[in-house]
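Colleague: The structure under discussion is supplied below as structure tokens; questions concerning it will follow.
Listed below in structure tokens is the structure:
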């Protein structure tokens, strides 16, 4: 692990770091200067010379790496990455609850939970670290980018363990609401149980026949309006795309789903048709003080792009 970063967080993101190689005594150094090492090892597209000129690479003591500095084995260097311009995600990211240990938010559709890929600044974690001044803020569970509703985060690293263990032990009750087609011939309530597998790089998850059950969802009717209904979903497991796939397999795919039944060619910056899936409530017994906690989304179905 590196020493503590000499650079403060920027845009809610900690500085990145790299480390030079350990060299055996007497072996020739592959680089004569630190700048040569940075040019050779930095990812394509990084303007090493421009960042060196601006003093954006720094050593452990916060002094800048200079172009003429000789190569130093086993040396940490910190810097902030350049971030691409991102289209702002519409909708309010509302704080439902905040205390010493927890921040609970009502997430709009299309906002990533964590920074990844093309969504860095436009993520819950990065935005709230910056807005709330909480550099260690981290999610205790995950919502897909296109899913809305209640999301719990720990304010500091020291609180992650007690709360995350509740999710791992399935001691947190989560209830979702989904808008989907109405089927007269579908007997409800029903519990869907099967084995779901999601392979890296494949858009859709798959049900694996005859495999041990690893995904279970209770599906009930909340209300009905014409050809559509609001379904109450109580997952007892948390597989990737579980709720979306379970409703699809019942013949009632969620309205606005870009993956089920078919993978649609939708731009990541197209916010016009939100998935009608809402993480409605989260309930738990607080592992620190023993209080019963219940957090409820203020959003209602159908969700709009501006919700």
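Numbering (this note's numbering), first residue to last: 261 to 567.
Even for Gly, the Cβ is constructed at its ideal location relative to N, Cα and C.
Given the structure is predicted, the values throughout are model-derived calculations rather than measurements.
Quick one: Cα of residue 536 to Cα of residue 439, how far?
Modeller: Answer to the nearest angstrom: the Cα atoms are 5 angstroms apart.
Colleague: Please tell me whether residue 485 has its Cβ less than 9 angstroms away from any Cβ of chain D.
Modeller: Considering every chain present, this structure includes no chain D. It has just one protein chain.
Colleague: Based on Cα-Cα distance, which residue from 369, 401 and 545 lies nearest to residue 242?
Modeller: What is shown of the chain runs 261 to 567, which leaves residue 242 out entirely.
Colleague: Would you call the segment 425-445 and the segment 390-398 in contact, with 3 or more CB pairs under 8 angstroms?
Modeller: These segments do not touch.
Colleague: Take residue 324 and list the residues in its own chain whose beta-carbon comes closer than 7 angstroms to its own, dropping the five residues that flank it on each side.
Modeller: Only 315, 317 and 318 meet the Cβ criterion.
Colleague: Assess, as a yes-or-no matter, whether the segment 434-449 is touched by the segment 484-495 under the definition of 3 or more beta carbon pairs within less than 8 angstroms.
Modeller: Touching, yes, given that three or more Cβ pairs across the two stretches are closer than 8 angstroms.
Colleague: Identify the continuous beta strand (DSSP E) that holds residue 268 and give its terminal residues.
Modeller: Run containing residue 268: none; DSSP gives neither H nor E here.
Colleague: Is it a yes or a no for the segment 408-427 touching the segment 443-455, going by three-plus beta-carbon pairs under 8 angstroms?
Modeller: The answer is no - the segment 443-455 does not touch the segment 408-427, with fewer than three Cβ pairs under 8 angstroms.
Colleague: By Cβ distance below 6 angstroms, which residues in the same chain neighbour residue 533 in space, the five residues on each side in sequence not counted?
Modeller: Only 516 meet the Cβ criterion.
Colleague: For residue 298 and residue 522, I'd like the C-alpha separation in whole angstroms.
Modeller: Roughly 44 angstroms between the two C-alpha positions.
Colleague: What do you get for residue 500, buried or exposed, if any count of 16 or more other CB atoms within 10 angstroms of its CB means buried?
Modeller: Exposed, by the Cβ-count rule.
Colleague: Exposed or buried, what is residue 511 when buried is set at 16 or more other beta-carbons lying within 10 Å of its beta-carbon?
Modeller: Flag for residue 511 reads exposed.
Colleague: So what does DSSP say about residue 412, is it helix, strand or coil?
Modeller: Residue 412 falls in the strand class under three-state DSSP.
Colleague: Among the candidates 424, 425 and 481, whose CA atom is the shortest distance from the CA of residue 450?
Modeller: Minimum Cα distance to residue 450 is reached at 481.
Colleague: Report all residues from its chain with a CB closer than 8 angstroms to the CB of residue 265; omit the five preceding and five following residues, and keep chain order.
Modeller: Excluding sequence neighbours, residue 265 sits near 274, 275, 277 and 338.
Colleague: Quick one: grab the DSSP three-state call for residue 421.
Modeller: Correct three-state label for residue 421: helix.
Colleague: If I follow the unbroken alpha helix (DSSP H) through residue 504, where does it start and stop?
Modeller: Residue 504 -> alpha helix (DSSP H) spans 502-509.
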